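A short write-up of the structure that comes next.
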Amino acid sequence: MNTANLTRTETRRRSRHIGNVGYRVELDLRDAVDSRTFGTRTTITFDASTPATWLDFIGAEVRSVTLDGTEVPVEYDGSRIQLVGLGKSNTVVVDAVGRYSRTGEGLHRFVDPADDEVYLYTQYEPADARRVFANFEQPDIKAQFTFTVDAPEGWEVLSNRIGTTDGARTTFEPTLPISTYITAIAAGPYHRAESTWHRGESTIPLAALCRKSIAEHFDPDDIFEITKQGLDFYHDRFAFPYPFGKYDQIFVPEYNLGAMENPGLVTFTESYVFRSAATEAQYEQRANTILHEMAHMWFGDLVTMEWWDDLWLKESFADFMGAFASANATRFTDAWVSFANRRKAWAYLQDQLPTTHPIVADIPDLEAAKLNFDGITYAKGASVLKQLAAYVGEDAFFEASRNYFAEFAYKNTTLADLLGHASTASGRNLDEWAAAWLQTTGVSTLSYTGSDTRKNMGIEQTDPRPHRVAVGLYDADADGNIVRTSRREIDIADAYTPLELPSAALVLLNDDDLTYAKIRFDDASLETIRTSLDRVVDPLARGLIWSALWNATRDAELDPRTYLDIASRFAASESKVGVLAAVVANAQFAVDHYVTDSAAAADDWLATCWSRLETADPGSDAQIVWLRAVAAAATTSDVRSGQIDRLLDGSLPIEGIELDPEQRWMLLKSVSARGKVSVARLDAELDTDNTASGLNSHRAAVAAQPDAETKAHAWTALTTSDDLSNDAVDATVSGFRAGGRRDLLAAYDDRYFDAIADLWSTRSIEIARRLVVGLFPQQDSTDAADTWLAAHEWAPAALRRLVIEQRDHLARALRVQQAF
Numbered sequence: 001m002n003t004a005n006l007t008r009t010e011t012r013r014r015s016r017h018i019g020n021v022g023y024r025v026e027l028d029l030r031d032a033v034d035s036r037t038f039g040t041r042t043t044i045t046f047d048a049s050t051p052a053t054w055l056d057f058i059g060a061e062v063r064s065v066t067l068d069g070t071e072v073p074v075e076y077d078g079s080r081i082q083l084v085g086l087g088k089s090n091t092v093v094v095d096a097v098g099r100y101s102r103t104g105e106g107l108h109r110f111v112d113p114a115d116d117e118v119y120l121y122t123q124y125e126p127a128d129a130r131r132v133f134a135n136f137e138q139p140d141i142k143a144q145f146t147f148t149v150d151a152p153e154g155w156e157v158l159s160n161r162i163g164t165t166d167g168a169r170t171t172f173e174p175t176l177p178i179s180t181y182i183t184a185i186a187a188g189p190y191h192r193a194e195s196t197w198h199r200g201e202s203t204i205p206l207a208a209l210c211r212k213s214i215a216e217h218f219d220p221d222d223i224f225e226i227t228k229q230g231l232d233f234y235h236d237r238f239a240f241p242y243p244f245g246k247y248d249q250i251f252v253p254e255y256n257l258g259a260m261e262n263p264g265l266v267t268f269t270e271s272y273v274f275r276s277a278a279t280e281a282q283y284e285q286r287a288n289t290i291l292h293e294m295a296h297m298w299f300g301d302l303v304t305m306e307w308w309d310d311l312w313l314k315e316s317f318a319d320f321m322g323a324f325a326s327a328n329a330t331r332f333t334d335a336w337v338s339f340a341n342r343r344k345a346w347a348y349l350q351d352q353l354p355t356t357h358p359i360v361a362d363i364p365d366l367e368a369a370k371l372n373f374d375g376i377t378y379a380k381g382a383s384v385l386k387q388l389a390a391y392v393g394e395d396a397f398f399e400a401s402r403n404y405f406a407e408f409a410y411k412n413t414t415l416a417d418l419l420g421h422a423s424t425a426s427g428r429n430l431d432e433w434a435a436a437w438l439q440t441t442g443v444s445t446l447s448y449t450g451s452d453t454r455k456n457m458g459i460e461q462t463d464p465r466p467h468r469v470a471v472g473l474y475d476a477d478a479d480g481n482i483v484r485t486s487r488r489e490i491d492i493a494d495a496y497t498p499l500e501l502p503s504a505a506l507v508l509l510n511d512d513d514l515t516y517a518k519i520r521f522d523d524a525s526l527e528t529i530r531t532s533l534d535r536v537v538d539p540l541a542r543g544l545i546w547s548a549l550w551n552a553t554r555d556a557e558l559d560p561r562t563y564l565d566i567a568s569r570f571a572a573s574e575s576k577v578g579v580l581a582a583v584v585a586n587a588q589f590a591v592d593h594y595v596t597d598s599a600a601a602a603d604d605w606l607a608t609c610w611s612r613l614e615t616a617d618p619g620s621d622a623q624i625v626w627l628r629a630v631a632a633a634a635t636t637s638d639v640r641s642g643q644i645d646r647l648l649d650g651s652l653p654i655e656g657i658e659l660d661p662e663q664r665w666m667l668l669k670s671v672s673a674r675g676k677v678s679v680a681r682l683d684a685e686l687d688t689d690n691t692a693s694g695l696n697s698h699r700a701a702v703a704a705q706p707d708a709e710t711k712a713h714a715w716t717a718l719t720t721s722d723d724l725s726n727d728a729v730d731a732t733v734s735g736f737r738a739g740g741r742r743d744l745l746a747a748y749d750d751r752y753f754d755a756i757a758d759l760w761s762t763r764s765i766e767i768a769r770r771l772v773v774g775l776f777p778q779q780d781s782t783d784a785a786d787t788w789l790a791a792h793e794w795a796p797a798a799l800r801r802l803v804i805e806q807r808d809h810l811a812r813a814l815r816v817q818q819a820f
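According to the UniProt record's numbering, the sequence shown is numbered sequentially starting from 1.
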C-alpha cells in the first residue's frame, strides 16, 4: 500500500479526532552548502479523542519520537509515523532528517552556477510540508506554527511571519491559524528590496527578493506598484484588512508553479524576473499572478477548503479576481481580453478531454489532487464566477464575499457555505445555477443560424445549459472600420432559442465574453472575418474572434489552412500583444499537428514569420513576438536558415533587435534541431552564459541535435537518472522532442510505453508527470496508447489520466488531419 497517497476518507476520520493543534518547528540548515540533508525537529501539541493516529513525514530518517516526555518506539514506513497511547492532551516531539529536493517539492536546494551560491525555498501544495517537518498533512487541521531556523550567517532567512535573528538562528513569530500547505521557509543570500503599504491604520512592510546573480534584471518598483494597487483594491472590496502582518514576495529558481500563496511569503517562478526582452503582455501576466496570489490571502489562506474537492473555492476565485483586479486597479485595463484568450483557451481544451471533471470535483486522494490543478479548477471556474458576478450583480457578489470572510475567518469551508452567502446577498436561489455549472462537465457551443436560409433565425446550443449572453452586431463605419452598432443581452437555456436580428456584417455571440461557451460564426460573419478582421476595432471582440477561429480549427470544423491564412494576413495588425502571441503559437501548433502537408506549411509559415519580423516596428513588442515565432518555426523548416546564423553573428542587422542571451539560445536550439550547428558551437555559447538559464538552454539545444546518439543519451538521462532537476528535465524533454523528427523518435515509442509505469512508481509525481506528458509519442494512430490502457487497468488512476489525455490530444490531431 502506498501510504504516502493520503485519502479523503482517512483524513476526514483523523480530523474528527484531532484538534487544538500547535507546532514548533526547528530546522537546521547550517550545512546546506555541502549537505544533501537537514535536521528537522517538530514539537506538536494537540488534543485527541482516539488512542492512536499518525503523523505524516517523508524524509531520510526518523531518529526519535517522544510522547509527553517519554521516548517511544519509532514506527515509520517512509511516509507515516504511527502514534499510539494518546491521551486527551498530547505533546509529541519528532527528531528527524529531511532531504533537500531537486524536484521543487518540499525544501528545494539550488546551487547557482553563476557564483556557486546556495538558495533554499519551500513548496508544499498540496501535501509536501511533510517533506520538511512531521505534521498532520491536511488542509482542515489548521494550527499556529512557530518556526526556528539555523542557517549560515549573512543569509536572508524568511518565513510567513517576521523573524528575529541572533547569530545563526532566526526565530519567527507564531503564525495565525493556517494549514500546513501554506507554511513556508526561504533561506539564502537573496537580493532584497523593500517598501511599505499604508492604508488608514494599516501599515504593511513589503519586500521583493531574488537571487543575487539576477538582481540586475530585477524590477521591484513595478512589483511594488502592482502590490500596493492590489492591497488597496482588496482592502476596499473585502472590508477585511490584510491579516498576515507582512507581505514578502520572493522569486525563486526551478519553481514548479507560477506562484504560491504562502501568507506573508509569496513565492513566484523566477521566469517573472525578465532576463530577456519582455512584452507588455508578460508584465500583464506577472501583474495578474501577483493579484491572483494576493486574492488567496482571503480566498484560501484566511478561509480554506476542507479537502481538495473544493480546491476551486480558492483557485477559481483567485483566477477571477486576478483578472478583475487587473482591469479595475492597474494599468492593465483590458485584462479581460487576455483572460478570454489565454485562460479560457486552457479551460476549453481541458473541458473537452475525456478526463474532464466538474468544477466541484471528486478528489479521493492526493494523487488526484495533484493533477486537478488544471484548466477546469482555475480557468473554467473563474469563467463561471465571472458569469455568477454578472448573474447576481457585482455588489451582491462582493457583499457575499465580505460576509463569507467575516463568518469563516481562520476556518475551513465547503461549497454550501459560499453559496449560502451568495444566495442571501443576491436574493436568488443558486441551487440550479450550481447544478448547471459547478456539478456538470463539458462546454456548450453556440451558433447563430441567421445567414442560413434553410433555418429559422436563432441560436443553436450543443450540450444545453443556461447562459446570459450578449449578442453584438458589427458593421463598417464611415472610415471602413468594423464597429459594434447594437447589442442585445438575452437568457438562453435550450438547444434552440429563436432570435431575429437585423442583417449585419458580423454577428458576435457571447459579445463581451459574459459566459463560458465556444461560439461559431454564420457564413456571412466568417466572410467578414476572412476579409476584414484587421478592421475590427474593439480588442475584446478581436480576441473572441481569434478564440472562436481556433476552437473551430481544433474541432475540425475550420480547415487549419484557413486559420493559417487568416493568421498570416491579419496577425501582424493585432495590437493586443497577448492576443498576437496566442495566435502565433496556435498557428505553429496547427503546422506541427493539424496540417497534412506539414513540410510545405512549415516553410510557408516560417517565411511569414520572417517577413513580419523584418517589417515590425523596431523595438516593439510585436517584434519580440515575431522573433520568437521565427525561432519556433525554424525547428521544422530550413527556409532562410542561413539568416539565423547571420542574426547570431551580427552580419544581418535588424533595427530594434539586439539579441540577449535567452534570444540567442532560442535561435541556437532551432538551428541545432535542423543539424545546422555543432555541439562545440553550443559549448562555446555556454562559456559566455554560464547561468542557470544558460545551462538548461544549452542542455535543450544539445538534446535537439538530430542524430541517434544524442537522442539515446537524452532518453537515458531522462529515464534512468535521478540527478536532473525539474527544470533540467523540462529542458532535456524539449530538446529531445524539438523538430518532431519521427525518423529518430519512433525508436522510442515502444520504450515509452514499457517505461512509464516504472517511472510513475519510482519518481516523484512532479517529475513523473513531466516525463509521461513530455515524452508521449506522436504516432499516426492511437493503437499503442489504446493497447497500453487496455493492459494497464490496474495502473494508478493519475497515471492513466495522463495517458488518456495525451492519447486524446493525438486523436484530435488525427481527426483534423483526416477532415481536411
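We treat Cβ as the ideally placed atom computed from N, Cα and C, and that holds for glycine.
As the structure is a prediction and not an experimental result, all values here were calculated from the model.
Review point. Taking C-alpha atoms, which residue in Ala207, Asp555 and Glu500 lies nearest to Ser444?
Key: Along the sequence shown, read from residue 1 onward, the residue named residue 444 stands at position 444. Checking every option, the nearest Cα to that of Ser444 belongs to Asp555.
Check your understanding: Nearest to Ile787 by alpha carbon, out of Arg237, Val803 and Leu775?
Key -> Sequence index remark: in the sequence shown, residue 787 carries index 787 (1-based). As written in the sequence, residue 787 is Thr, which differs from the Ile given in the question. Minimum Cα distance to Thr787 is reached at Val803.
Check your understanding: Under the three-state reduction of DSSP, which class applies to Lys576: helix, strand or coil?
Key -> Within the sequence shown, residue 576 is the residue found at index 576, counting from 1. Looking at Lys576 - three-state DSSP - the assignment turns out to be coil, as it is neither helix nor strand.
Check your understanding: At which residues does the alpha helix (DSSP H) containing Arg199 begin and terminate?
Key -> Here the question's residue 199 lines up with position 199 in the sequence shown. Arg199 -> not in any alpha helix (DSSP H); beta strand (DSSP E) instead, spanning His191 to Arg199.
Review point. With Ile624 and Thr279 assumed to form a contact (beta carbons below 8 Å), what rounded beta-carbon distance in angstroms separates them?
Key: The residue you call residue 624 lines up with position 624 of the sequence shown. The residue you call residue 279 lines up with position 279 of the sequence shown. The Cβ separation is near 5 Å, so the contact holds.
Practice item. Can you have a look at Val65 and say buried or exposed, based on whether 16 or more other CB atoms are within 10 angstroms of its CB? Key: On the sequence shown, residue 65 is found 65 positions in, with the first residue counted as 1. Buried, since its Cβ has 16 or more Cβ neighbours within 10 Å.
Check your understanding: Taking 8 Å as the CB-CB limit, is Ala703 close to chain C?
Key -> Although the question refers to chain C, the structure presented lacks it and comprises just one protein chain.
Check your understanding: Which class does Leu509 belong to by DSSP, given the choice of helix, strand or coil?
Key -> As a first step, residue 509 is located in the sequence shown; it is residue number 509 there, counting from the start. Of the three classes helix, strand and coil, the one that applies to Leu509 here is strand, per DSSP.
**Study point:** Opening and closing residue of the alpha helix (DSSP H) in which Met321 lies
**Key:** Sequence index remark: in the sequence shown, residue 321 carries index 321 (1-based). Trp312 to Ala329 is the extent of the alpha helix (DSSP H) around Met321.
Review point. Since Asn288 contacts Ala329 with CB under 8 Å, what's their CB separation in whole angstroms?
Key: One-based indexing of the sequence shown puts residue 288 at position 288. One-based indexing of the sequence shown puts residue 329 at position 329. Contact doesn't hold; Cβ gap of about 11 Å is too wide.
Point to revise | Pair within 8 Å by beta-carbon distance, Ser568 and Thr531 | key: The count along the sequence shown starts at 1 and reaches residue 568 at position 568. The count along the sequence shown starts at 1 and reaches residue 531 at position 531. The answer is no: Cβ separation not under 8 Å.
Practice item. Classify Ser761 as helix, strand or coil using the three-state DSSP reduction. Key: Numbered from 1 along the sequence shown, position 761 holds the residue referred to as residue 761. Note: Ser761 maps to helix in three-state DSSP.
Review point. Enumerated in chain order, which unbroken segments of the alpha helix (DSSP H) with a length of 4 residues or greater are wholly contained in the segment 252–307?
Key: 280–296
Practice item. Decide yes or no for the touch test of the segment 209–225 against the segment 371–378: beta carbon pairs closer than 8 Å, at least 3 of them. Key: no
Review point. Which two residues bound the contiguous beta strand (DSSP E) that contains Arg20?
Key: Looking up residue 20 in the sequence shown gives position 20. According to the sequence displayed, residue 20 carries Asn and not Arg. Unbroken beta strand (DSSP E) run through Asn20: Ile18 to Asp28.
Check your understanding: Cβ atoms of Asp68 and Thr91: under 8 Å apart, would you say?
Key -> The count along the sequence shown starts at 1 and reaches residue 91 at position 91. The count along the sequence shown starts at 1 and reaches residue 68 at position 68. Result yes, Cβ atoms of Thr91 and Asp68 sit closer than 8 Å.
Review point. How many angstroms separate the CA atom of Arg30 from the CA atom of Arg800?
Key: Working through the sequence shown from its first residue, we reach residue 30 at position 30. Working through the sequence shown from its first residue, we reach residue 800 at position 800. If I take the Cα positions, the gap works out to 42 Å.
Review point. Starting from residue 821 and walking both ways along the alpha helix (DSSP H), at which residues does that stretch end?
Key: Absent from the model: residue 821. The displayed extent of the chain is 1 to 820, so no value can be given.
Review point. Buried or exposed: Glu432, going by 16 or more other Cβ atoms within 10 Å of its Cβ?
Key: Counting from 1 along the sequence shown, the entry for residue 432 is found at position 432. Glu432 is exposed by the Cβ-count criterion.
Exercise for review: Indicate whether the contact test is met: 3 or more Cβ pairs, each with one atom in the segment 100–108 and one in the segment 75–85, closer than 8 Å.
Suggested key: no
Check your understanding: Going straight from the alpha carbon of Thr716 to that of Val702, what length do you get?
Key -> What you label residue 716 is simply residue 716 of the sequence shown in a count that begins at 1. What you label residue 702 is simply residue 702 of the sequence shown in a count that begins at 1. Spanning the two alpha carbons is a distance of roughly 14 Å.
Review point. What is the residue span of the alpha helix (DSSP H) that His421 lies within?
Key: In the sequence shown, counting from the first residue as 1, residue 421 sits at position 421. From DSSP, the alpha helix (DSSP H) with His421 extends over Leu415 to Ser426.
Practice item. Kindly confirm or deny that the segment 778–795 and the segment 805–818 touch, where touching means at least three C-beta pairs closer than 8 Å. Key: yes
Review point. For Glu117, which residues of its own chain have a beta-carbon under 6 Å away from its beta-carbon, when the five flanking residues on both sides are left out?
Key: Locating residue 117 in the sequence shown gives position 117, counting from the first residue. Closer than 6 Å at the Cβ level, and outside the excluded window around Glu117, lie Pro189.
Point to revise | Own chain residues within Cβ distance below 6 Å of Ala602, not counting five before or after | key: What you label residue 602 is simply residue 602 of the sequence shown in a count that begins at 1. Excluding positions up to five away in sequence, the list reads Val591, Thr636 and Ser637.
Exercise for review: Apply the 10 Å Cβ neighbour rule to Gln439 and answer buried if 16 or more other Cβ atoms are within range, or exposed otherwise.
Suggested key: Your numbering for residue 439 matches position 439 in the sequence shown. So Gln439 ends up on the exposed side.
Exercise for review: Using beta-carbon positions only, say whether Ser89 and Pro139 come within less than 8 Å of one another.
Suggested key: Taking the sequence shown and counting its residues from 1, the one referred to as residue 89 is at position 89. Taking the sequence shown and counting its residues from 1, the one referred to as residue 139 is at position 139. No, the pair does not count as a contact, with Cβ atoms beyond the cut-off.
**Study point:** Runs of alpha helix (DSSP H) wholly within the segment 632–716 (minimum 4 residues, chain order)
**Key:** 641–649, 661–673, 679–688 and 692–703
Review point. Assuming Gly167 and Glu153 make a contact with CB atoms under 8 Å, what is their CB distance in whole Å?
Key: Taking the first residue of the sequence shown as 1, we reach residue 167 at position 167. Taking the first residue of the sequence shown as 1, we reach residue 153 at position 153. That belief holds up - the Cβ atoms of Gly167 and Glu153 are roughly 7 Å apart, short of 8 Å.
**Study point:** Contact belief for Gly543 with Asn341 at Cβ below 8 Å, rounded distance in angstroms
**Key:** For the purposes of this step, residue 543 is taken as the residue at position 543 of the sequence shown. For the purposes of this step, residue 341 is taken as the residue at position 341 of the sequence shown. 5 Å between Cβ atoms; contact.
**Study point:** Nearest neighbour of Arg286, chosen from Leu257, Asn456 and Ala631 [CA to CA]
**Key:** Indexing the sequence shown from 1 puts residue 286 at position 286. It is Leu257.
Exercise for review: Kindly give me the distance between the Cβ atoms of Val149 and Thr122, rounded to whole angstroms, as I take these residues to be in contact under 8 Å.
Suggested key: As a first step, residue 149 must be located in the sequence shown, where it is residue number 149. As a first step, residue 122 must be located in the sequence shown, where it is residue number 122. Contact doesn't hold; Cβ gap of about 11 Å is too wide.
Practice item. May I ask you to report which of helix, strand or coil DSSP gives Ser101? Key: By 1-based counting over the sequence shown, the position of residue 101 is 101. Reduced to three states, the DSSP call for Ser101 is strand.
Point to revise | C-beta atoms of Val93 and Arg41 nearer than 8 Å | key: Numbered from 1 along the sequence shown, position 93 holds the residue referred to as residue 93. Numbered from 1 along the sequence shown, position 41 holds the residue referred to as residue 41. A contact, by the Cβ cut-off of 8 Å.
Exercise for review: Could you tell me the boundaries of the alpha helix (DSSP H) in which Tyr391 lies?
Suggested key: Working through the sequence shown from its first residue, we reach residue 391 at position 391. Residues Gly381 to Val392.
Point to revise | As assigned by DSSP and simplified to three states, the class of Tyr448 | key: Residue numbering aside, residue 448 sits at position 448 when the sequence shown is read from its first letter. If DSSP states are grouped into helix, strand and coil, Tyr448 belongs with the strands.
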